[in-house]
Amino acid sequence: MGIAAMRVPTIIALTFALPIAGKSAAEFVASPPPPQAPSHARKPDYLIDSHGRTIRDLRLSITDRCNFRCVYCMDPDFRYMPKQQLLSLEEYLRLVRVCLTLGISKLRITGGEPTLYPRLNDLVREVGRMSIDDVAITTNGSLFEKMPLQQWRTDGLHRVTFSLDSLRPERVQAITRTESTPAGVVRAIQLAREAGFDPIKVNAVVMRGVNDDEVADFADFAIEHGIDMRLIEFMPLDSSHAWDRSQVVNADEMLEKIRARHEVVAVADDDPSSTSMNFRFAAPKSQIQNPKSRLGIIAPVSRPFCGACSRLRITADGKIRPCLFSLSEWDIKPLLRDGKSSDSDLRDFIVNAVWTKQAGHGIGSKTFIQPSRTMSAIGG
Ligand code: SAM
Ligand code: SF4
0 MGIAAMRVPT IIALTFALPI AGKSAAEFVA SPPPPQAPSH ARKPDYLIDS HGRTIRDLRL
60 SITDRCNFRC VYCMDPDFRY MPKQQLLSLE EYLRLVRVCL TLGISKLRIT GGEPTLYPRL
120 NDLVREVGRM SIDDVAITTN GSLFEKMPLQ QWRTDGLHRV TFSLDSLRPE RVQAITRTES
180 TPAGVVRAIQ LAREAGFDPI KVNAVVMRGV NDDEVADFAD FAIEHGIDMR LIEFMPLDSS
240 HAWDRSQVVN ADEMLEKIRA RHEVVAVADD DPSSTSMNFR FAAPKSQIQN PKSRLGIIAP
300 VSRPFCGACS RLRITADGKI RPCLFSLSEW DIKPLLRDGK SSDSDLRDFI VNAVWTKQAG
360 HGIGSKTFIQ PSRTMSAIGG
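Those letters in the sequence shown? Residues 0 to 379, per numbering that gives the first Met the number 0, in order.
Below is the structure:
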């Protein structure tokens, strides 16, 4: 996919509700509950799958809406789920509370674009009261000027990750299909820093023929702004289903491009469940030294890290997705809305759903099937 092919007019977020792309509404109605997990999987503070992986990290998507249409994520004509299908604030909070009793210790608030969620401030305040070890948000940063960042920090949001896929304004506009600019994200980084967020991460999806000539520039950007820059391999989670292996710039290639300009040293991540390869910059090639600067390469396609996966995803419409690439998802909304299911019933449901987590994503296999949901409808 070249950048010319991606260029389309600015998109204004669609606010009407139709079935999500590639899937009719009927296909999302009343899925059966997950099969029973064995009794040894049911313990307090314990969430384990059938492959022995402990799940500690919840990714909660609080909206499928977005004001961007990134080429690797959402098509311009992408349709949102009807609002009544989405969970309420109280339902999100109930699920988070239940997950905490199962040993979840990290929460990432994501979407869609989470800053579009009208009750985000309430959500941050309430999860801040739950004493979760690590609460983070992933955002495109476009609405950051309007966000009560200081309040979020006080309320208990620990970390912010931004997305920025190019350092060139015209490319950012072509990739996001908006009028946004890298300067806007730099401003958002400054605001986040002033509010006390540290470290700050920035994600870039690297795609061949789109931004792969900027890999070393992203390293410069990390040094200049004292951030943790994450370069992500393009995954088959785009709504156009146009993903092709030839568009993936793999970790080795990224590293080679970086090493041509910078000396980098592998470091352990502060976060033990991190799935990225992490580096710090070393003299003498790096002219400017900023001790906070880091580089991470996230390589789910060329170096799958499924064996170490500790993640569970809940979508904005209440589907439990044990894996990004799950073809089955488990609908917990009927239990949330039937007026009789207890928290213990919800716990059982989640334990059963997690038990079904697949061993790996299988992107490399001939039988791989791309899920209907896009990254925006799953929660990245
Ligand atoms: N809207 C917010 C943002 O863009 O930061 C949060 C949601 S977005 C789905 C979360 C992350 O998923 C972003 O960093 C984005 O770059 C990444 N992402 C989306 N589609 C992807 C794909 N096909 N391959 C790899 N990463 C993807
Ligand atoms: Fe929106 Fe994030 Fe998807 Fe881009 S990656 S379209 S900002 S949800």
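Even glycine gets a Cβ: it sits at the ideal position worked out from N, Cα and C. Just so we're clear, the structure is a prediction, and the values are computed from it rather than from any experiment.
* Quick one: residues in its chain with C-beta nearer than 8 Å to the C-beta of proline 147, no 5 flanking neighbours on either side, listed in chain order? => Stepping through the sequence shown from its first residue, residue 147 is reached at position 148. Cβ neighbours of proline 147 beyond the five flanking positions: Asn120.
* Can you name the residues that DSSP bridges to threonine 138? -> The residue labelled residue 138 in the question sits at position 139 within the sequence shown. Phe161.
* Asked: In or out: threonine 366 buried (at least 16 other Cβ within 10 Å) or exposed?
  -> On the sequence shown, position 367 is the one that residue 366 refers to. Classification of threonine 366: exposed, given that the 10 Å Cβ count is below 16.
* To do: Quick one: grab the DSSP three-state call for phenylalanine 27.
  => Numbered from its first residue, the sequence shown carries residue 27 at position 28. The pLDDT assigned to phenylalanine 27 is 42, lower than 50, so where the model puts this residue is not dependable; a value taken from the coordinates is nonetheless given after this. Here DSSP, grouped into helix, strand and coil, assigns phenylalanine 27 to helix.
* DSSP beta-bridge partners of lysine 105 -> Along the sequence shown, one-based indexing puts residue 105 at 106. Lysine 105 pairs with Asp56, Asp133.
* To do: Find the nearest neighbour of glycine 155 within the set Pro168, Ile131, Ser371, judged by alpha-carbon distance.
  => Residue 155 sits at position 156 when you count from the first residue of the sequence shown. Distance from the Cα of glycine 155 is smallest, within the candidate group Pro168, Ile131, Ser371, for Ile131.
* To do: Along the beta strand (DSSP E) that carries leucine 209, what are the first and last residues, could you check?
  => Numbered from its first residue, the sequence shown carries residue 209 at position 210. Residue identity check: residue 209 is valine in the sequence provided, not leucine. Per DSSP, valine 209 lies in no beta strand (DSSP E) segment and is marked neither H nor E.
* Consult DSSP for glycine 127 and reduce its assignment to one of helix, strand or coil. => What you label residue 127 is simply residue 128 of the sequence shown in a count that begins at 1. Looking at glycine 127 - three-state DSSP - the assignment turns out to be helix.
* Flag this pair as yes or no: are the beta carbons of alanine 358 and histidine 157 separated by less than 7 Å? => As a working note, residue 358 is residue 359 in the sequence shown. As a working note, residue 157 is residue 158 in the sequence shown. Histidine 157 sits away from alanine 358, with the two beta carbons spaced by 7 Å or more.
* In chain order, what residues of the same chain have a beta carbon less than 6 Å from the beta carbon of glutamate 26, not counting five sequence neighbours either side? -> The sequence position of residue 26 within the sequence shown is 27, counting from 1. In this prediction, glutamate 26 scores a pLDDT of 40, lower than 50, which makes its location untrustworthy; the coordinate-derived value is nonetheless stated afterwards. Residues of the same chain with a CB within less than 6 Å of the CB of glutamate 26, apart from the 5 flanking positions on each side, do not exist.
* When the Cα of arginine 258 is compared with those of Cys308, Ala218, Ser343, Val247, which residue comes out closest? -> For this step, residue 258 is matched to residue 259 along the sequence shown. Checked all of Cys308, Ala218, Ser343, Val247; the closest Cα to arginine 258 is Ala218.
* To do: To the nearest angstrom, report how far apart valine 209 and phenylalanine 196 are at their CA atoms.
  => Position 210 of the sequence shown holds residue 209. Position 197 of the sequence shown holds residue 196. Taking the straight line from one Cα to the other gives about 30 Å.
* Within the same chain, show all residues whose beta-carbon is closer than 8 Å to that of histidine 360, passing over the 5 residues directly before and after it, in chain order. => Position 361 of the sequence shown, counting from 1, holds the residue named residue 360. Counting only Cβ-Cβ distances below 8 Å, and skipping sequence neighbours, we find Pro299, Pro303, Cys305, Cys322, Leu323, Phe324, Phe367.
* Could you tell me if leucine 326 is buried or exposed, where buried requires 16 or more neighbouring beta carbons within 10 angstroms of its beta carbon? => Taking the first residue of the sequence shown as position 1, residue 326 is located at position 327. Looking at its Cβ environment, which holds fewer than 16 other Cβ atoms inside 10 Å, leucine 326 is exposed.
* Asked: Are the beta-carbon atoms belonging to lysine 256 and valine 214 less than 7 Å from one another?
  -> Position 257 of the sequence shown, counted from the start, is the residue given in the question as residue 256. Position 215 of the sequence shown, counted from the start, is the residue given in the question as residue 214. For lysine 256 and valine 214, yes; Cβs fall inside 7 Å.
* Going by the C-beta, is asparagine 202 closer than 6 Å to any heavy atom of the ligand SF4? -> The residue labelled residue 202 in the question sits at position 203 within the sequence shown. Asparagine 202: no, Cβ never under 6 Å from the ligand SF4.
* According to DSSP, is aspartate 316 helix, strand or coil? -> Translated into the one-based positions of the sequence shown, residue 316 becomes position 317. In the three-state scheme derived from DSSP, where H, G and I count as helix and E and B as strand, aspartate 316 is classed as coil.
* Beta carbon of aspartate 237: closer than 6 Å to some heavy atom of the ligand SAM? -> Numbered from its first residue, the sequence shown carries residue 237 at position 238. Aspartate 237 Cβ: within cutoff of the ligand SAM.
* Mapping DSSP to helix, strand and coil, what is aspartate 74? -> Counting from one through the sequence shown, the residue named residue 74 turns up at place 75. It is coil, neither helix nor strand.
* Is it the case that the CB of asparagine 139 approaches a heavy atom of the ligand PLP more closely than 6 Å? -> Summarising the ligand content, the structure contains the ligand SAM and the ligand SF4 and does not contain the ligand PLP.
* Quick one: what's got a C-beta closer than 8 Å to threonine 274's C-beta in the same chain, skipping five residues either side? -> Reading the sequence shown from its first residue, position 275 is the one you call residue 274. These residues qualify, in order along the chain: Ile297, Pro299, Phe304, Ala307, Cys308.
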